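Enquirer: Numbering (this note's numbering), first residue to last: 89 to 259.
Quick one: this structure, given as structure tokens, is what I'll be asking you about.
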Amino acid sequence: MVIFLGACQPTNDPIQNKSDRCESAEDLVQQIYRDNLKLNTLNEAKVEHYFESNMAQRLNDEIHCKKSQNLCNIDFDIFTDTQDPTTSIHPKLRFDEKAHTVQADFKIGNEAKIIKYEMSEEGCPKIKNIIYTGDYDLDMLLSNPTEQDMHAAADDDDIEISNDASMATVE
């Protein structure tokens, strides 16, 4: 009589181990609100945990821009769409599997807020974009050049930028 015990051993299959570590899209978004995350307090690893690589890079650039005290693209809390978010928000979350979005509904004071998180469709869920009420989204906001970008472009093109970012002179 032979007893085969190999079936009870943990797998070394990286695909299975990766899926074991994945959080659902709703859990990922819920964690943002549970931990009261703010963009300016996130480190690069945290940004990369929540956001797809392209968006993570752009958000990390935004964080570096803010640390250099330049005019940047984001002047509000990206997770609440407010200037001064309250400390505790408990959104109602709904996942739309077909659209790959998580919708967060909550109130700040008397104002109802709806924020949609577009999620990646492959691999572990990550945030691809955040869509706000009022026809704007995070991707669009981050596409605008910042003061830091203008100075970098000026260095490349021998353009002098005065303190008024709208005034540029060519040397």
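From the three backbone atoms N, C-alpha and C, an ideal C-beta is built for every residue, glycine too.
None of these values were measured; they are calculated from a predicted model.
1. Would you tell me roughly how many angstroms separate the C-alpha atoms of residue 119 and residue 109, rounded to the nearest one?
2. Report buried or exposed for residue 224, applying the criterion of at least 16 other Cβ atoms within 10 angstroms of its Cβ.
3. Between residue 177 and residue 168, how many whole angstroms is the CB-CB distance? I'm expecting something under 8 Å.
4. Taking C-alpha atoms, which residue in 133, 231, 185, 157 lies nearest to residue 114?
5. Are the beta-carbon atoms belonging to residue 221 and residue 196 less than 9 Å from one another?
6. Given this structure, state the Cα-to-Cα distance separating residue 208 from residue 215, to the nearest angstrom.
7. Going by C-alpha to C-alpha distance, which of 123, 144, 191, 126 sits closest to residue 132?
8. Quick one: using the 10 Å Cβ neighbour count with 16 as the cut-off for buried, is residue 106 buried or exposed?
Expert: From the atom records:
1. Residue mapping note: residue 119 aligns to position 31 of the sequence shown, counting from 1. Residue mapping note: residue 109 aligns to position 21 of the sequence shown, counting from 1. Each residue's alpha carbon lies about 15 Å from the other.
2. Along the sequence shown, read from residue 1 onward, the residue named residue 224 stands at position 136. Answer is exposed; the Cβ neighbour count stays below 16.
3. Indexing the sequence shown from 1 puts residue 177 at position 89. Indexing the sequence shown from 1 puts residue 168 at position 80. Indeed, because the Cβ distance is near 6 Å, the residues count as touching under 8 Å.
4. Mapped onto the sequence shown, residue 114 falls at position 26. Here the closest residue by C-alpha is 185.
5. Your numbering for residue 221 matches position 133 in the sequence shown. Your numbering for residue 196 matches position 108 in the sequence shown. For residue 221 and residue 196, no; Cβs fall outside 9 Å.
6. On the sequence shown, residue 208 is found 120 positions in, with the first residue counted as 1. On the sequence shown, residue 215 is found 127 positions in, with the first residue counted as 1. In a straight line, the C-alpha of residue 208 is about 6 Å away from that of residue 215.
7. By 1-based counting over the sequence shown, the position of residue 132 is 44. The alpha carbon of residue 132 has as its nearest neighbour, out of 123, 144, 191, 126, the alpha carbon of 144.
8. Counting from 1 along the sequence shown, the entry for residue 106 is found at position 18. With a pLDDT of 45 at residue 106, under the threshold of 50, the predicted position of this residue should be treated as unreliable, and no value is reported.
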